[in-house]
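Comments concern the structure below.
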Amino acid sequence: MSAVFKSVEAQFEALTEAHVDAVARIEHQSYAHPWTRGNFVDSIRSGYQAQMLLAGGTLLGYFVAMRGVDEVHLLNITVAPTWQGQGWGRVMLDALATWSRGQAAQWLWLEVRASNQRALLIYERHGYRRVGERKAYYPADLGQREDAIVMSLKL
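Position in the sequence shown counted from 1, then plus 60, gives you the working numbering.
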């Protein structure tokens, strides 16, 4: 699948172990509490849907999702910092929804940090609804924990 957005042509490519170092670099640039290299490797080896969004040789972003019986759970979605604010997150969410429908999924689920207002707004604009909260779900600074907002999208 490919997309043309903001005069940049991009395409999706499977995230493999050969790409993990590049993805991990973006992950560390993007988050105070990033996924580890091992998290990505484990996801790939488990057969999760792991895709990169590329423009030429430039990595714009990536996502990792886990398929369930009639649902898909988005585990990680990240747009590289220099490409944020240009709509690439929406492109990846659209691709994920399309793939999920092809898997006969009825729902998409995700968790997002309660403090991540930018992501919450993106998800809500994409049709996701807040359906719950997980207390102390994410690690936070100084040994603290942060709540997660659980969101879902009916496909």
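Glycine included, each C-beta is placed from N, C-alpha and C at the ideal position.
Since this is a predicted model, take the numbers as computed values, not measurements.
Host alpha helix (DSSP H) of residue i (start-end)
| i | result |
| --- | --- |
| ASN99 | 97 to 105 |
| HIS88 | 80 to 90 |
| GLY216 | As shown, the chain starts at 61 and ends at 215. That puts residue 216 outside it, with no answer to give. |
| TYR183 | 177 to 185 |
| THR172 | The sequence given here has Val at residue 172, not Thr. Per DSSP, VAL172 belongs to no alpha helix (DSSP H); it is in the beta strand (DSSP E), 167 to 173. |
| LEU153 | 148 to 162 |
Burial state of residue i, where buried means 16 or more other Cβ atoms lie within 10 Å
| i | result |
| --- | --- |
| THR96 | exposed |
| LEU75 | buried |
| GLN238 | Residue numbering for the chain in the displayed model covers 61 to 215; residue 238 lies beyond these limits and cannot be assessed. |
| LEU134 | buried |
| GLU77 | exposed |
| ALA196 | exposed |
| GLY203 | exposed |
| LEU120 | buried |
| VAL172 | buried |
| LEU181 | exposed |
| VAL132 | buried |
| VAL124 | buried |
Nearest-angstrom Cβ-Cβ length linking residue i and residue j, presumed shorter than 8 Å
| i | j | result |
| --- | --- | --- |
| LEU215 | ARG161 | 5 Å |
| GLU193 | ALA179 | Contact doesn't hold; Cβ gap of about 15 Å is too wide. |
| ARG127 | GLN163 | 6 Å |
| ALA92 | ASP201 | 7 Å |
| SER90 | THR138 | 5 Å |
Residue i - containing beta strand (DSSP E), residue span
| i | result |
| --- | --- |
| ASP207 | 205 to 214 |
| VAL132 | 131 to 139 |
| TYR197 | 189 to 199 |
| GLN71 | 68 to 74 |
With a threshold of 8 Å, are at least 3 pairs of Cβ atoms found where one atom belongs to the segment 80 to 97 and the other to the segment 150 to 159? As far as the Cβ criterion goes, the segment 80 to 97 does not touch the segment 150 to 159, which means the pair count is below three.
Do the segment 165 to 183 and the segment 99 to 116 touch if we need at least three Cβ pairs shorter than 8 Å? no
Contact between the segment 97 to 106 and the segment 141 to 151 is defined here as three or more beta-carbon pairs at a separation below 8 Å; is this criterion met? no
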